[in-house]
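One structure is given here, and the rest of the page talks about it.
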Amino acid sequence: MKVLVVLALALATASAGVFPQTFPVHPRDRTVNPSIEGRITNGKDAVENQFPYQVSLNFGSNSGGWFCGGSIISPEWILTAAHCTSGASSVTIGYGATVRTSPVLSQTVTSANFRQHESYNAIVLRNDISLIKTPAVSFTAGINKIKLPAISSSYSTYAGQTAVASGYGKTSDASNSVASHLQYADLTVIPNNDCANTFGTLIVTPRVICVGTYNGVSTCNGDSGGPLALDGVQIGVVSFGSSAGCEIGSPAGFTRTTYYLDWIAEKTGISY
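Read left to right, the sequence shown gives residues -16 to -1, 1 to 256 (mature numbering (1 follows the signal peptide of the UniProt record, and there is no 0)).
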């Protein structure tokens, strides 16, 4: 099943609103207990220009299409999850959209522009990170980049701090489609040991950062690949969550950005 984090703008079909678990963007036919998937529930409506770095990603392939989220990290680069780009032949990127279907700008690129992590493992969602090279965009109030953490010899675990996730994923477990309006939620980062109690240490490694999903607030299907931000800096990429539902209170998992700063710099030249 696919990995969703409470904000995992997972891959619901752009045209049919089908959720990511149905498509090859998630670990194929995986049997685990608990199984994992990707999704924001019980969040809030974003206002115009609140998250200028957020993008919508409509992926296409010979076997269908799916929906994810992503973030702008430079005029020419989008950061997202590897389970979103995996198996896709193209993607249409929507910029500046508070309403998902009304982006300020759209661009379509092929998989030749994908830079998926070479060691991505769909079974345990290891290295669930990908980059998309795009034609350069001009920044405005509604379209802008998010900063990455500065490269350092050591990094905070962020445990106990409140971060914000954004995306167009399902707004409740009962919903059968992704959100039309950009959503966001404030989520508390939890220690990896606590997260591993739910998903195990094969899934929850130092490459992962997790948040608690209290009161039914979490990422959900359709949020996959989207950003987790702290004080305007991206610390995570929506990756996975419990397949039992987005509102049950299980942690949500993200790819930990600080673990991949050297890889991002190698592929894009971007570093702080």
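Cβ atoms here follow ideal geometry from the backbone N, Cα and C, with glycine treated the same way.
Leaving out five residues on either side along the sequence, give the residues of the same chain with a beta carbon under 6 Å from the beta carbon of residue i.
i: D246; result: none
i: F183; result: none
i: A158; result: Caution applies to A158, whose pLDDT of 49 falls short of 50 and renders its modelled position unreliable; the model cannot decide the point.
i: A143; result: V173 and P175
i: G253; result: none
i: P11; result: The predicted model places P11 with a pLDDT of 28, which falls under 50 and marks its position as unreliable; any figure quoted below should be read in that light. Counting only Cβ-Cβ distances below 6 Å, and skipping sequence neighbours, we find A106 and I107.
i: N191; result: Note that residue 191 is Arg in the sequence shown, not Asn. Once the five neighbours on either side are set aside, the close Cβ partners of R191 are R240 and Y243.
i: N111; result: H101, S103 and Y104
Looking at the unbroken alpha helix (DSSP H) that takes in residue i, where does it start and where does it end?
i: F123; result: Careful: F123 lies outside any alpha helix (DSSP H) and carries neither H nor E.
i: A249; result: L245 to T252
i: A180; result: N176 to F183
i: A213; result: Unbroken run through A213 is the beta strand (DSSP E), P211 to L214; no alpha helix (DSSP H).
Beta-carbon within less than 8 Å of residue i's beta-carbon, same chain only, minus the 5 sequence neighbours each way: which residues are those?
i: K28; result: Q167, Y168 and A169
i: Y198; result: T172 and G233
i: N17; result: Because N17 sits at a pLDDT of 33, beneath the cut-off of 50, its placement in the model cannot be relied upon, and the point is left open.
i: K251; result: R99 and L115
i: L186; result: V108
Kindly list the residues whose CB is nearer than 7 Å to the CB of residue i, restricted to its own chain and excluding five residues on each side of it in sequence; keep chain order.
i: S95; result: A72, S73 and S74
i: I113; result: A65, A66, H101, V221, T239 and Y244
i: F35; result: S150, L166 and Y168
Within the continuous beta strand (DSSP E) that includes residue i, where are the two ends?
i: T76; result: S74 to Y79
i: T92; result: L89 to T94
i: A147; result: T146 to G151
i: A236; result: A236 to R240
i: T64; result: W61 to T64
i: R110; result: Run containing R110: none; DSSP gives neither H nor E here.
i: L41; result: Q38 to S45
i: S136; result: Here S136 belongs to no beta strand (DSSP E), and DSSP marks it neither H nor E.
i: L115; result: S114 to K117
Let me make sure I understand the geometry here. Which of the options has the alpha-carbon closest to that of residue i?
i: K129; options: T118, T189 and S55; result: S55
i: G237; options: A213, C194, T185 and S255; result: C194
i: G225; options: V188, L214, T241 and T242; result: V188
i: C52; options: I248, S223 and A249; result: S223
i: L41; options: G78, P59 and A30; result: G78
i: F31; options: T76, A81, S45 and A213; result: Note on residue identity: the sequence assigns Val, not Phe, to residue 31. For V31, the nearest C-alpha among the options comes from A81.
i: S45; options: V93, T141 and S86; result: V93
Do residue j and residue i have their beta-carbon atoms positioned less than 8 Å apart in this structure?
i: V83; j: S208; result: no
i: P211; j: Q38; result: yes
i: I127; j: V88; result: yes
i: K117; j: W50; result: no
i: L109; j: I248; result: no
i: residue 263; j: Y256; result: Missing from the structure shown is residue 263; the chain here goes from -16 to 256 and no further.
i: A180; j: N33; result: no
Is the stretch 57 to 67 in contact with the stretch 135 to 149, if contact means three or more CB pairs nearer than 8 Å? no
Contact between the stretch 210 to 218 and the stretch 97 to 111 (3+ Cβ pairs under 8 Å): no
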